[in-house]
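Number of protein chains: 2
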Amino acid sequence: MGLTVRRSLDVKPSRLLLLLPFLLTLLLVGSQGESNAMDNVATERMAEESHRQDSANLLIFIMLLTLTILTIWLFKHRRFRFLHETGLAMIYGLLVGVILRFGVHVPQSMSDVILSCAVNASPATLLVNVSGRFYEYTLKGEVGRGKGHQVQDDEMLRKVTFDPEVFFNILLPPIIFHAGYSLKRRHFFRNIGSILAYAFMGTVISCFVIGLIMYGFVSFMKIVGQLGGDFYFTDCLFFGAIVSATDPVTVLAIFNELKVDVDLYALLFGESVLNDAVAIVLSSSIVAYQPAGDNSHSFEAMALLKSFSIFLGVFSGSFALGVATGVMTALVTKFTKLRDFSLLETALFFLMSWSTFLLAEACGFTGVVAVLFCGITQAHYTFNNLSPDSQDRTKQLFELLNFLAENFIFSYMGLTLFSFQSHVFNPMFIIGAFVAVFLGRAANIYPLSFLLNLGRKNKIGSNFQHVMMFAGLRGAMTFALSIRDTATYARQMMFSTTLLIVFFTVWICGGGTMPMLSFMSIPVGVDSDQDTSSSAVLDGSQRRNAKHESAWPFRIWYNFDHNYLKPLLTHSGPPLTATLPACCGPLAKCLTSPQAYENEGQLHDDDSDFILNDANVSSMYADVTVSTDASGSHTINRKHLYSTGTGGGPSDEGLDHELTLAEHDVAIRGTRLVLPMDDPVEPPSTVTLPPPPSPPCSDPRRHRL
Amino acid sequence: MGLTVRRSLDVKPSRLLLLLPFLLTLLLVGSQGESNAMDNVATERMAEESHRQDSANLLIFIMLLTLTILTIWLFKHRRFRFLHETGLAMIYGLLVGVILRFGVHVPQSMSDVILSCAVNASPATLLVNVSGRFYEYTLKGEVGRGKGHQVQDDEMLRKVTFDPEVFFNILLPPIIFHAGYSLKRRHFFRNIGSILAYAFMGTVISCFVIGLIMYGFVSFMKIVGQLGGDFYFTDCLFFGAIVSATDPVTVLAIFNELKVDVDLYALLFGESVLNDAVAIVLSSSIVAYQPAGDNSHSFEAMALLKSFSIFLGVFSGSFALGVATGVMTALVTKFTKLRDFSLLETALFFLMSWSTFLLAEACGFTGVVAVLFCGITQAHYTFNNLSPDSQDRTKQLFELLNFLAENFIFSYMGLTLFSFQSHVFNPMFIIGAFVAVFLGRAANIYPLSFLLNLGRKNKIGSNFQHVMMFAGLRGAMTFALSIRDTATYARQMMFSTTLLIVFFTVWICGGGTMPMLSFMSIPVGVDSDQDTSSSAVLDGSQRRNAKHESAWPFRIWYNFDHNYLKPLLTHSGPPLTATLPACCGPLAKCLTSPQAYENEGQLHDDDSDFILNDANVSSMYADVTVSTDASGSHTINRKHLYSTGTGGGPSDEGLDHELTLAEHDVAIRGTRLVLPMDDPVEPPSTVTLPPPPSPPCSDPRRHRL
């Protein structure tokens, strides 16, 4: 048993990104030694030197990001759309990786001190007694096998090799929160059934298909003798899980910029956001709940069931937690007058959203999943309570965090191809993986689309299916899951292969999205709101489809949400005194915000954030949804429904009656009418205040059909 | 020589704040061991448990901040001003500290493994070989002396004890950058001479006065036998340096909210911002350049000179670096059309500002000082190039970061009083320190004010001096400098005493500011712009004072800045083709932005961001300054000068001629006229576009006198 003391300070720069303080602690150790000044002057100097070099390493990343931003601008400026910014960031990362690998040589003046002691395990903390003074050492991780004595050879490269957990704890949460927060909930919830099918069933199917195919390939490779190490069935399943997560970043940015069909967008977005979460829970279930104690690494039926129940437990727990913190934030922002101080409000919003992640991790749930649903809840409830200033601030803050994290991840991916030390590129495995990924995606999309089309009135066309097949990019989540553990041969091979899959899909599929869309003759340049309203005018039967999609469980939920949750959690919606039974009078009174009484007419009005509210056209209300566009500028659509009608219940008869009305009424019902932002009549900051109860349709300019 | 292996995972939560990834690495170590699954299941479980507990610890801080925010809101809502939010955050921190100290008991199931090996020094990285697998350990720092075997007793408390370097690397930079970025440059530069005197000379005087007094006290204590350890003269000087830094946070927030006299505000703000930087450089010079190698710990003349030159070198280097990155950002934002994409622009701005800090640290300068001047440069040049949207975004982003960091620091200070393990409260030392701090502050303010008043026409009144004396709060910087090193007895005593000084000044002096101001009959509720213009109207001689203050070196700088730097770096100012000599024609042409040609009339116009431009009243221009108000909401004053006159040069005769003009003209000259934000005529986003060259004074509503 040997204890090797290296004098070098090899700390990964990624960790450094946020761990500068940690490194400075090293500096401290030197300055602490004043009373016996000379004995660790050397340590001090070294620590200082290391601190400087760490700063320099971080600078590399900052410069990389700066360069990416400038090039993105150039691309946008010249309207060059072939290569997306994420692909660009990867290319820059690649270049810097090449330079670091082959161009830079850092002189190594470190010497090894080899010591022997009897250590039985690897504890998390070591306490070393040096002439009466105790120094604390923290476990940093395992160093590659057999590399004990040659680690320092690649000091520089190790320095720029990322700590994978940074993804899960620093970079991914803002991305996922932003995805939830900027979700176009109306389109999302209209297609919720299909999205859930693709995200849950599809990902599981894809995981098992890929796992089985890979197991076939690996078995064949073992026979042929192409395999350099162990590769168990659980490894195959794990690989299937990690490469099944499609990326919400790249394609959707393109789709959003091009304004493709809203349903296609909703399907792809919803699937890719949710299947990230599914992939995380799935892969950790596979790892954690394979039969422990034996080395069979087979995936037994009991273990499968156990994994499944764990999966459900973790997923629903994370979901509940995310929603709970969102609801709490909504309550806090509703019942305090915090909106008078937008800085406080923004800070509270930020802290509560972040605490969701921590809380989930502290409870053993998945922080990323919790943060996603927290984001959706915040957007649905809390956002209505925020002051207009805070709405902008929170939106912009998370947009910026999302942008930085995203570009950092992609440029880092490029860097990794050359800076990572233990690549295992196995041509057969790579070919197998590409085939498996292709087939896995196909086994997800086509059968599920067929089944879904049996139930859907608004069919998912075959051109949509092909685009969904094509647009299954693998991105940040796949990368993060695969770099999380690169200790074994199997994992290293997986990581290298995953990296190639990510590169291929981002560059080829990402770059080919435009031609693909035109080849499939899918219309672009569709305004999401205009689209639905005009289609409602043109085609009455489409409205019936929409009606069909909002089936009874959703309908019950909408009513419940509109009549009880929205009034309880926000300033909008009808007053609780009107919706709750009389016995709850005093409680309802104290829970209802003063503004809500002005919305009394909204009673029983459906929430058209979720569905096209075709059954019920009682009065007007104001609501807000957030949308992002690819240029990065934020737009907040303030949507007001000014509609006619006498306040019928949300019954099906209502719909039948409506169908006899004039075309103008049909146009108003069935969708929400949109007020353009630059409407000179509308003051820009009256979001949470309900519009004055003016006679509906009094101002024709308010209707954009 | 003993090697103690602790199985506990005691990582300080402060570091955790951003080092979660690091801790998760520990988790990884477990999951890596799949192929030999059983051997570190224990480690895995422990790491997981530790990760959960760390998340929970972080949650404590988040909850603390959330609570603080809600209470701040309550205070603002009820207009309760006696206790400022920072004092409040400290109280909450104290309470949580008490609970953690006395209320919570975490069961310790960890066992010590004591090993012996021959380690000669404390290297930064240890490599431990456990049955063929190498684990890397990083040096975390020294553990208190003699505590080797009892460290785990206070596991929980150690966990919530902050890593002091987090201040310097994560929390302080945004605070300092925000200070520079939101600086009211006009008032700042009008008083620059006095501010520099207070900040540099005053801090040095204060440092030596406190150091000498403390040395007297300590010598006396040594005789009386009250001293429990070594306390050298350099320690006294170090103490003097760290408690000489006044805090820009607390008092200024109050002052800003109350709208006290602008000159008083500028003096206090400028002093406290700059003396933070001075204190950092001073204290590190004292530590690093005391005579090394001997144990005399006296502060020799040569060492003093050396310290001084190092001080100057580091300070000017940091200054130059900060300005350089600011200028670079200005050039990038000017010569690209990045302003079309505000997200990119904001991201670039953020990255460049952050890289200033890293660059300075990488070069061995002081990051905090560099960031301050970077902030000032960004506000002066880059801000003019940003799109209105980015101006808001950057402003709000740094405001939020500043707010969170500030409250985190203050609530942490409260927590430390109970969670810190090695407090040394020595009553005599504490009394001595309070006396020394009081006398040191007096030796700074009164003699310097006397000397400055000899030169100033606009005297610093004795009531101002008393308020400056009283408002010398010690805050975040003092705390950060003192917690940076708490290894020796002297440092521990310093830290405990400093904590009490901070508590006392924040609660008593901070809370007493209001009564103090009214007692000193200093007017509050003064609009900074209104104030100067009305005083210009009322008192012609005051304008002469202002004139006098802008002495020739500043005058030269203003002209240079206005004629060359502003046109070169921003879209505003006169075109370079007009200001540069003819030989530079082509160069000037390519450097001048198209907008600048519209500003040709501005030639030789003084930049009234810096001074009251009383000599020259040629044409109008637009400029923007950023101001914060205490409520946290941002206001961007768009200031337009529409003034009369025929374009005289910046000569002294101009002033004499002016004095003969009518009172109305005097009112317009000598200050800038302010357009209120809500002026319905003014579009809200025309900042960098110069206003149309309409006849001056054509619209009387534009003047608010």
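Chains as they are written, first to last, in my numbering: chain A, 23 to 727; chain B, 23 to 727.
Using N, Cα and C, we set each Cβ at its ideal position, and we do this for glycine too.
By Cβ distance below 7 Å, which residues in the same chain neighbour Gly-168 (chain B) in space, the five residues on each side in sequence not counted? Per-residue confidence for Gly-168 (chain B) stands at a pLDDT of 42, beneath the threshold of 50, marking its modelled position as unreliable; the derived number appears in the next sentence. Answer for Gly-168 (chain B): no residue qualifies.
Secondary structure at Thr-358 (chain A), three-state DSSP: helix, strand or coil? coil
Does the ligand GDP have a heavy atom nearer than 7 Å to the CB of Ala-275 (chain A)? The ligand GDP is not among the ligands present in this structure, which contains no ligands whatsoever.
Rounded separation between Cys-258 (chain A) and Leu-234 (chain A) - CA only: 7 Å
Collapsed DSSP secondary structure at Gln-564 (chain B) in the structure displayed: Confidence at Gln-564 (chain B) is low in this model, with a pLDDT of 43, below 50, so the placement of that residue is unreliable and no value is reported for it.
Cβ of Ser-441 (chain B) within 8 Å of any chain A Cβ: no
According to DSSP, what are the bridge partners of Val-268 (chain A)? Looking at the sequence provided, one finds Thr at residue 268 (chain A) rather than Val. Paired residues: A:Arg-496.
For Ile-227 (chain B), count neighbouring Cβ atoms within 10 angstroms of its own Cβ and tell me buried if that reaches 16, exposed if not. buried
To the nearest angstrom, how far is it from the Cα of Asp-278 (chain A) to the Cα of Pro-270 (chain A)? Reading off the sequence, residue 278 (chain A) comes out as Asn, not Asp. In a straight line, the C-alpha of Asn-278 (chain A) is about 11 Å away from that of Pro-270 (chain A).
Residue-chain proximity (Gly-386 (chain A), chain B), Cβ-Cβ < 8 Å: yes
For Leu-613 (chain A), I'd like the list of residues in its chain whose CB is within less than 7 Å of its CB, leaving aside the five on either flank, ordered along the chain. Leu-590 and Leu-598
Residue burial classification, Arg-212 (chain A) (beta-carbon count within 10 angstroms, cutoff 16): buried
Using 8 Å as the limit for Cβ to Cβ distance, is Met-329 (chain A) near chain B? The identity of residue 329 (chain A) in the sequence shown is Ser, whereas the question assumes Met. Taking Cβ atoms only, chain B never reaches closer than 8 Å to Ser-329 (chain A), which makes this a no.
How many Å lie between Asp-411 (chain A) and Val-336 (chain A) at the Cα? 36 Å
Leu-110 (chain A) beta carbon less than 8 Å from that of Thr-90 (chain A): yes
For a contact defined as C-beta to C-beta under 7 Å, what are the partners of Lys-417 (chain B) on chain A? Going along chain A, no residue has its Cβ under 7 Å from Lys-417 (chain B), so there is no contact; the nearest lies around 10 Å.
Taking 8 Å as the threshold (beta carbon to beta carbon), is Ser-305 (chain A) in contact with chain B? no
Less than 8 Å between the C-beta atoms of Asn-466 (chain B) and Tyr-220 (chain B), yes or no? yes
Can you tell me whether DSSP reads Phe-526 (chain B) as helix, strand or coil? helix
Asp-252 (chain A) to Thr-508 (chain A), Cα distance in whole Å? 14 Å
Out of curiosity, what's the CA-to-CA distance linking Ala-644 (chain B) and Ser-594 (chain B)? At Ala-644 (chain B), the pLDDT of 33 sits below 50, so the modelled position is not reliable; the number obtained from the coordinates is stated separately. Roughly 8 Å between the two C-alpha positions.
How big is the Cα-Cα spacing for Leu-343 (chain B) and Ile-523 (chain A)? 42 Å
Please list the partners that Trp-529 (chain A) has in chain B, where partner means a Cβ-to-Cβ separation under 7 Å. Residues of chain B passing the Cβ test: none, with the nearest at roughly 22 Å.
So Trp-376 (chain A) contacts chain B; which residues on that side make the cut at Cβ distance below 7 Å? Ile-84
Excluding sequence positions up to five away, which residues of its chain have a Cβ less than 7 Å from the Cβ of Asn-567 (chain B)? Bear in mind that a pLDDT of 44 at Asn-567 (chain B), under 50, signals an unreliable position, so the model cannot answer this.
I'd like the span of the alpha helix (DSSP H) that includes Lys-611 (chain B), first residue to last. 607-613
Verify whether the separation of the beta carbon atoms of Thr-378 (chain A) and Thr-358 (chain A) is less than 8 Å. no
In the structure shown, what three-state DSSP assignment does Asp-411 (chain A) receive? helix
Rounded to the nearest angstrom, what separates Val-240 (chain A) and Thr-519 (chain A) at their Cα positions? 14 Å
Just to confirm, are Ala-401 (chain B) and Leu-205 (chain B) a CB contact at a threshold of 8 Å? yes
Can you tell me whether Lys-328 (chain A) is helix, strand or coil according to DSSP? helix
Supposed contact pair Val-459 (chain B) and Val-282 (chain B) - C-beta distance, whole angstroms, cut 8 Å: About 23 Å; that fails the 8 Å criterion.
Report all residues from its chain with a CB closer than 7 Å to the CB of Ala-263 (chain B); omit the five preceding and five following residues, and keep chain order. Cys-229, Ala-301, Leu-304, Ser-305 and Ile-308
Given a threshold of 16 other Cβ atoms within 10 Å of its Cβ, counted over all protein chains shown, does Ile-530 (chain A) qualify as buried or as exposed? exposed
With distances taken between CB atoms, is the gap from Arg-463 (chain B) to Met-435 (chain B) smaller than 8 Å? no
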